[in-house]
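Input: a single structure, listed below in structure tokens.
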Amino acid sequence: MHPLLFALGFLTSIPVRTPAPRAGELGRAAIWFPFVGLLIGAVLVGAQLIFTRFFSPLLAGALTVAVWIALTGGLHLDGLADCGDGLLSATSRERRLEIMRDPRLGTFGGMALIMHLLIKTLAVASLAAPIALLLAPSLARWLMLFVAQQPSARPGGLGAEFAAGLTKSIWLGAALIPILLSVPGVPRSIFAAIAAVFVTGTIIRVAQTRLGGVTGDVLGMTIEVVEVAVLLVFCLQTA
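Per numbering that gives the first Met the number 0, the very first residue in the sequence shown carries number 0; after that it's consecutive.
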């Protein structure tokens, strides 16, 4: 299967038949992840333009986020909720990993999910620059690849599958799309990138401290949190 189709099937709810990845295939497809983020962003820009013609900014923002969730199948939100339950629990590393495997939504995960979606909706409703909706999904999926290269908390998990084929050259090549998307938004896009890198580094440190490494849920959380960080920078009001 072409790596782009594999990336589409892996990151979105688009019905692409994706067979079980062979060793290294997921990592090699990663070069297309920021491009898939760009495609998601393009759909979001179009959706927001349509919704703002007929609805209030807040309702248009909520509907745009609903499209966002539909495009990704809520996959990354699931990781965010699982991390909320696990990372915020005052227990051992082993128990946190067990909690994150539990399909049931806990109190911490529910709170994290509600607050995240609320902030994301308000941020989208407040955006004045459509470039933010293009940059956020693309940059988030690129930085997620950096997180995927960190030691895994579960040998043989999703993070380990990424590492099998994800080389430094693939990661650097995947940076092209986020870099090009940053140009129209300068200087704000530079601050957004700095914020995104800071958030990513914080996630890595927290995951290593509380879990002993990264997991597939941590990768999903990275995408969601970085997307919101980028949106918030573009929503900053200047005097």
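We treat Cβ as the ideally placed atom computed from N, Cα and C, and that holds for glycine.
Counted as a single uninterrupted DSSP element, the alpha helix (DSSP H) harbouring Q47 occupies residues 32-53.
Judged by beta-carbon spacing, E223 lies beyond the 8 Å limit of L134, meaning their Cβ atoms are not closer than that value. Pairing F107 with G83, the inter-Cα distance amounts to about 5 Å.
With a cutoff of 8 Å on beta-carbon distance, Q149 and I68 are scored as not near each other.
The Cβ atoms of P136 and G36 lie closer than 8 Å to each other. According to DSSP, S151 shares a beta bridge with V213. In this structure, the alpha-carbon of F197 lies about 16 Å from that of F233.
Here the alpha carbon of S181 sits roughly 41 Å from the alpha carbon of T90.
Using a C-beta cut-off of 8 Å, the segment 35-54 makes no contact with the segment 94-111, since fewer than three inter-stretch Cβ pairs fall below that distance.
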